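Presented below is the structure to which this report refers.
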Amino acid sequence: MSDVSVTVVTTGQPVERSVSSGTKAWELFADQPDVIAAYVDGEPRDLSCTLSDKARVEGIDIGSDAGRDILRHSTAHVLAQAVQELFPDARLGIGPPIADGFYYDFDVSQPFKPDDLARIETRMRKIIKEGQRFSRRSVSDDEARAELAEEPYKLELIGLKGAGSSDAAEGAAVEVGADGLTIYDNLKRDGSLAWKDLCRGPHLPTTKRIPAFTLTRSAAAYWRGSEKNKQLQRIYGTAWESKEAQDAYLERLEQAARRDHRRLGVELDLFSFPDEIGSGLAIFHPKGGVLRKVMEDYSRQRHVEAGYEFVNTPHITKGSLFETSGHLQWYADGMYPPMHVDEERDGEGKVTRAGQDYYLKPMNCPFHCLLYRSRGRSYRELPLRMFEFGSVYRYEKSGVIHGLTRVRGMTQDDSHIYCTEDQLQDEIRSLLTFVLGLLKDYGLDEFYLELSTRNDEKYVGTDEQWEQATDALRQAAEASGLDLVLDPGGAAFYAPKISVQARDAIGRTWQMSTIQVDFQSPQRFGLEYTSSDGSRREPYMIHRALFGSIERFIGVLTEHYAGAFPPWLAPVQVTAIPIAERHESYLAKVAADLATRGIRVDVDRSDDRMQKKIRNASLQKVPFVLIAGDRDVDDNAVSFRYRDGHQDNGVPAAEAVARIVEAVERRVQV
RNA sequence: GCCGGCGUGGCGCAAUUGGUAGCGCAUCCGACUUGUAAUCGGAAGGUUAGGGGUUCGAGUCCCCUCGCCGGCUCCA
44 MSDVSVTVVT
54 TGQPVERSVS
64 SGTKAWELFA
74 DQPDVIAAYV
84 DGEPRDLSCT
94 LSDKARVEGI
104 DIGSDAGRDI
114 LRHSTAHVLA
124 QAVQELFPDA
134 RLGIGPPIAD
144 GFYYDFDVSQ
154 PFKPDDLARI
164 ETRMRKIIKE
174 GQRFSRRSVS
184 DDEARAELAE
194 EPYKLELIGL
204 KGAGSSDAAE
214 GAAVEVGADG
224 LTIYDNLKRD
234 GSLAWKDLCR
244 GPHLPTTKRI
254 PAFTLTRSAA
264 AYWRGSEKNK
274 QLQRIYGTAW
284 ESKEAQDAYL
294 ERLEQAARRD
304 HRRLGVELDL
314 FSFPDEIGSG
324 LAIFHPKGGV
334 LRKVMEDYSR
344 QRHVEAGYEF
354 VNTPHITKGS
364 LFETSGHLQW
374 YADGMYPPMH
384 VDEERDGEGK
394 VTRAGQDYYL
404 KPMNCPFHCL
414 LYRSRGRSYR
424 ELPLRMFEFG
434 SVYRYEKSGV
444 IHGLTRVRGM
454 TQDDSHIYCT
464 EDQLQDEIRS
474 LLTFVLGLLK
484 DYGLDEFYLE
494 LSTRNDEKYV
504 GTDEQWEQAT
514 DALRQAAEAS
524 GLDLVLDPGG
534 AAFYAPKISV
544 QARDAIGRTW
554 QMSTIQVDFQ
564 SPQRFGLEYT
574 SSDGSRREPY
584 MIHRALFGSI
594 ERFIGVLTEH
604 YAGAFPPWLA
614 PVQVTAIPIA
624 ERHESYLAKV
634 AADLATRGIR
644 VDVDRSDDRM
654 QKKIRNASLQ
664 KVPFVLIAGD
674 RDVDDNAVSF
684 RYRDGHQDNG
694 VPAAEAVARI
704 VEAVERRVQV
């Protein structure tokens, strides 16, 4: 038996090894139980693959990103096997790994019920216990078609194989690679076939190598992600390299649930959604109202400094405005239906006076275009920056409404900038700086940008216009130095956009600000200005919202801070707690001092015990708790208690006031 | 919009096979006045989301509407 030479890479160190011909990858890693697959010349492969001469082999650890993907993908296979054993009529969709888990789609006559998930999970554990081997074999297209004759969705994927991955469903790449087709057989200990699936692989060596998994939920999902297709039943699950890793993940989910803004909105008395008003329509309670006011006030101040002019426009308009803008053509479904007014009829019901359709506005831009057009404009007044907290109403589909982050009524911090071609680039760049600076002031400081380009099936305007607008945005985005991610086809019908994505305290990203360069609206509204040479020109228009909407931004910040807002945003900044009733008047004086400095302070005069008052202030996440008893009164001092429980006792009252005022003014977190 | 789940006082939860709606917190009243996350006692509060049906009897079963939750699709 001849030897072959392979290079084994462990922790970055390549080592040449000579092994006998026919050696399989697993033999190199026999002493490394965490290695479940290997890169062979850069390609992920099963450990059962045979190594060729000069191969470069690197083990894939089950706990690495690549390893977890393989683990989860293999677990998805076990799920599918269990489902087909329990529900023989179930047809297979696709089953890829996803962030933190996996799913598999099935076409079944009856949607899965919660009880079914429990049964399926039990069956999966049985399969795992059996230690079935994942065995790979190559097949021709015709062989695959013959073997998978009962699986119409797999056949469809085979048919798509050559068509380019963009046509296939997201996640389908794990089933069908660019190369030849492969089928994975699940073999029992005795070598008999338990199950098989079309799959590119690689997989774990055996089902026994799944250390921890759980099925999380079932839901419907459209085949290949299109509403036009049939809905399949999707089962989601998660799988981890150890029980501990899975527990940590489940704990993270619980932590995330605890900072859910919908829950905190109730607990902190910030806002609510009374059924009587309607879905997706929030009311802000006094504490949420203060938060909102502070956010708006600061935003207004920054807009004044940045040279914006403040405008105001109504909530409703005749439909013709949105015919001009094109919104009725493209987004009528997303608008509240019109109010038909002023129509008159005679006794026989015959219309004697035609009525008018009024719409709730879903956008502010057409109004701002009218504002621009209200008189002749000179190049001297450009760039003209109009700002408005504009309330808009969108008839979002019932299934998408979610707390404050997806609502039907919202207030945008909306702005439209009209400028010359020469000013466009500078304007976008300074806007980006402005946006990022503002978001940082609110405590978000990790960003990347997304560039959404034309949707070829939904747009107006010429190729040149789109190219120019997209280039302008791309250049500004690249100049920002932030990571830029492409979102092909993600633009609105009238303009490409840059969106600022912000990462929150637990690593989730949220789309915040958007900046769009629009050539269409100025044209549709016939906007122009007189240039220095006396000619009439069409201005460029930039749409931008920094918060997106105030509602959404409050939702995001609530989750980012888990309700523990920095002092400048906190609805109640200070709660003063007397040790006993006789200390109330002393604290009232300190509180009055704070109040004159603009601090939002409450003295807790309830007849609860002071321990209870501390608990209440903690639950309300008040940044500063000031406590005073005999010792403090005698020393004209107060004792600080911070949200993390740490103490700072005997602080002179004047210093305490100064400390609080400074924290608020500097907008720091405490 | 689609699929599934759910809907009990302000909030969080109970109510055996259909058999007279309970608890904790919050609220109100009273007592207590205490140095760092829940003092004690009492009172009040619900047409069980709304409507219809089955039944001697419905919070429990069936239908419709509304709303919420989890996904999918969508998001100007």
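Using my numbering, the letters of the first sequence map in sequence onto residues 44 to 713. For glycine and all other residues, C-beta sits at the position ideal for the given N, C-alpha and C. These numbers come from a predicted model, not from an experiment.
One thing to note: residue 116 has its Cβ no nearer than 9 Å to the Cβ of residue 328. With 16 or more other CB atoms across the displayed protein chains lying within 10 angstroms of its CB, residue 582 is buried. Beta bridge pairing from DSSP links residue 229 with 177 and 238. For residue 408, the enclosing alpha helix (DSSP H) stretches over residues 408 to 416. DSSP places residue 101 in the uninterrupted beta strand (DSSP E) bounded by 99 to 104. Out of 422, 671 and 706, the CA that lies nearest to the CA of residue 573 is found in 422. Note on geometry: alpha-carbon atoms of residue 119 and residue 172 lie some 16 Å from one another. In this structure residue 538 touches residue 563 by the C-beta definition: roughly 7 Å separates them, less than 8 Å.
For residue 621, the secondary structure class from DSSP, reduced to helix, strand or coil, is strand. Residue range 427 to 436 is occupied by the beta strand (DSSP E) that includes residue 430, with no alpha helix (DSSP H) assigned at that position. Contact check between the segment 86 to 98 and the segment 62 to 70: three or more CB pairs, one atom from each, fall below 8 Å, which counts as touching.
The three-state secondary structure of residue 338, taken from DSSP, is helix. Contact annotation: residue 382 and residue 438 have beta-carbon atoms that are not nearer than 9 Å. Beta-bridge annotation (DSSP): residue 188 is not paired with any residue.
Along the length of the segment 264 to 305, whole beta strand (DSSP E) runs at least 3 residues long occupy 274 to 283, reported in chain order.
Between the alpha carbons of residue 303 and residue 394 lies a gap of roughly 52 Å. The C-beta distance from residue 707 to residue 616 rounds to 6 Å, short enough to meet the 8 Å contact threshold. The segment 571 to 633 is shown to contain whole beta strand (DSSP E) runs of 3 or more residues at 583 to 588 and 617 to 621, in chain order. The beta carbon of residue 569 sits closer than 8 Å to those of 416, all from its chain and outside the five residues before and after it, given in chain order. Contact fails between the segment 482 to 492 and the segment 435 to 452, because fewer than three Cβ pairs, one in each stretch, are under 8 Å apart.
Secondary structure of residue 195 (DSSP, three-state): helix. Under DSSP, residue 116 shares a beta bridge with no residue. Around residue 597, the same chain offers 304, 313, 314, 331, 334, 335, 338 and 447 as residues with beta carbons nearer than 8 Å, after the five sequence neighbours per side are excluded. Counted as a single uninterrupted DSSP element, the alpha helix (DSSP H) harbouring residue 676 occupies residues 673 to 678. Along the segment 122 to 174, the alpha helix (DSSP H) occurs as fully enclosed runs of 4 or more residues at 157 to 173, listed in sequence order.
DSSP places residue 457 in the strand class (E or B) of the three-state scheme. For residue 387, the secondary structure class from DSSP, reduced to helix, strand or coil, is strand.
In this structure, 359 is the residue among 359, 385, 651 and 376 with its C-alpha nearest to the C-alpha of residue 409. Assignment of beta-bridge partners to residue 544 by DSSP yields 491 and 554. About 17 Å separates the beta carbon of residue 82 from that of residue 59, a gap too long to meet the 8 Å contact definition. Considering only 391, 323, 373 and 402, the residue with the shortest C-alpha distance to residue 361 is 402.
In the structure shown, residue 48 falls within a strand segment according to DSSP collapsed to helix, strand and coil. Note that the C-beta distance between residue 89 and residue 321 is not below 9 Å. The Cβ-Cβ distance between residue 176 and residue 125 does not fall below 9 Å.
Proximity to residue 556 across 471, 630 and 532 peaks at 471, based on C-alpha coordinates. Annotation: residue 433 to residue 621 spans about 44 Å, alpha carbon to alpha carbon.
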